[in-house]
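Using the numbering used here, you'd call the opening residue of the sequence shown number 61 and step up by one each time.
Positions of the beta carbon are idealized from the N, C-alpha and C atoms, including for glycine.
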Amino acid sequence: MRLRVFAFICASMGVVGLGLAATGTACELPPLQDPGRSRRLYHVVEGKGFVGVEVKAFLHDFTGKTSKVRGAIRLADQDQLTDPEACIRIDAASLDTGISTRDNIMRADHLETAKYPTIDFLLKQLQGVTRHADGWEFGAGGALSLHGVTREILLPVRVRPAEGGVRLTGEIPLRMSDYRIAIPKFLFFRVEDQVVVRFDLTALRIQ
Numbered sequence: 061m062r063l064r065v066f067a068f069i070c071a072s073m074g075v076v077g078l079g080l081a082a083t084g085t086a087c088e089l090p091p092l093q094d095p096g097r098s099r100r101l102y103h104v105v106e107g108k109g110f111v112g113v114e115v116k117a118f119l120h121d122f123t124g125k126t127s128k129v130r131g132a133i134r135l136a137d138q139d140q141l142t143d144p145e146a147c148i149r150i151d152a153a154s155l156d157t158g159i160s161t162r163d164n165i166m167r168a169d170h171l172e173t174a175k176y177p178t179i180d181f182l183l184k185q186l187q188g189v190t191r192h193a194d195g196w197e198f199g200a201g202g203a204l205s206l207h208g209v210t211r212e213i214l215l216p217v218r219v220r221p222a223e224g225g226v227r228l229t230g231e232i233p234l235r236m237s238d239y240r241i242a243i244p245k246f247l248f249f250r251v252e253d254q255v256v257v258r259f260d261l262t263a264l265r266i267q
């Protein structure tokens, strides 16, 4: 185990690059309770945006970033954001900091991607919706499932119109310990428990 942690430390001191891997299956929204009622459906498009994780550590900070994100959004009325439904899915094994040794240890010992292959967010409600001239701001309340743990979070989101759809941006601090993720540490090297997740995604209307 010490050899694996030492390898993580050595890898973390290198220059960070960002890579991508296949995301796998997309999340699915529940069936419509009233199929006769009109809905607008949007799909989060891979390659048109990113989800990034900023990690702070003693002597060296690093960032992971991926555009391999899939999702679906369903609305009764885009102008009023009524009856919103949404889900987002990330393939946990696709997270890549650009240093293969660190990535392998992260996947095997920390995220345990063989056991917990996806990171999912399921929207439950919107809070504090504010309309602006160029879009909306609100808190997206929902369930984040990560590393086998599901917790309720309130995700600050900014939505702006984009060609053919909408652009969603925001950020939120999370603690690895809240999701039972082992925090890498050895001698002088320690990663901080809190990370910052940032996202910039585009969802295109398909109906």
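Just checking my contact of residue i with residue j at CB under 8 angstroms: how many whole Å lie between their CB atoms?
i, j, result
"C147", "F181", "7 angstroms"
"G202", "L171", "So it is not a contact: roughly 20 angstroms between Cβ atoms."
"R99", "L135", "7 angstroms"
"G225", "L215", "Their Cβ separation, rounded to whole angstroms, is 19 angstroms, which puts G225 and L215 out of contact at 8 angstroms."
By Cβ distance, which residues of its chain are closer than 8 angstroms to residue i, with the 5 residues on each side in sequence left out?
i, result
"D194", "R220 and P221"
"G112", "T123, G124, K125, T126, V257, R258 and F259"
Buried or exposed for residue i, please, with buried defined as at least 16 other CB atoms from any protein chain shown within 10 angstroms of its CB.
i, result
"I243", "exposed"
"P144", "buried"
"G188", "exposed"
"V251", "buried"
"V115", "buried"
"V217", "buried"
"T210", "exposed"
"T157", "buried"
"R130", "buried"
"R240", "exposed"
"H192", "exposed"
Identify every residue that forms a DSSP beta bridge with residue i.
i, result
"Q254", "R235"
"A132", "H103 and C147"
"I179", "I150"
"L186", "A200"
"K125", "G112"
"T157", "Paired residues: none, contrary to the question."
"A263", "V104 and V226"
"E212", "A203"
"A117", "V251"
"T142", "D137"
"H170", "Looking at the DSSP assignment, H170 forms no beta bridge with any residue, so it has no partner."
"P221", "V226"
"R191", "W196"
Spatial neighbours of residue i within its chain, please: C-beta separation below 7 angstroms, excluding the five flanking residues on both sides.
i, result
"K108", "T262"
"A152", "L171, T173, Y176, P177, T178 and I179"
"Q185", "G201"
"L264", "Y102, H103, V105, G224 and G225"
"H207", "L171, E172, Y176, Y239, R240 and I241"
Which same chain residues, not among the five before or five after residue i, have their C-beta less than 6 angstroms away from its C-beta?
i, result
"S205", "D180"
"Q254", "P233 and R235"
"Q267", "L101"
"I133", "Y102, A146 and A263"
"R227", "R220 and T262"
Under 8 angstroms: do the stretch 97 to 105 and the stretch 230 to 241 share three or more Cβ pairs, one atom per stretch? With the rule of 3 Cβ pairs closer than 8 angstroms, the stretch 97 to 105 does not count as touching the stretch 230 to 241.
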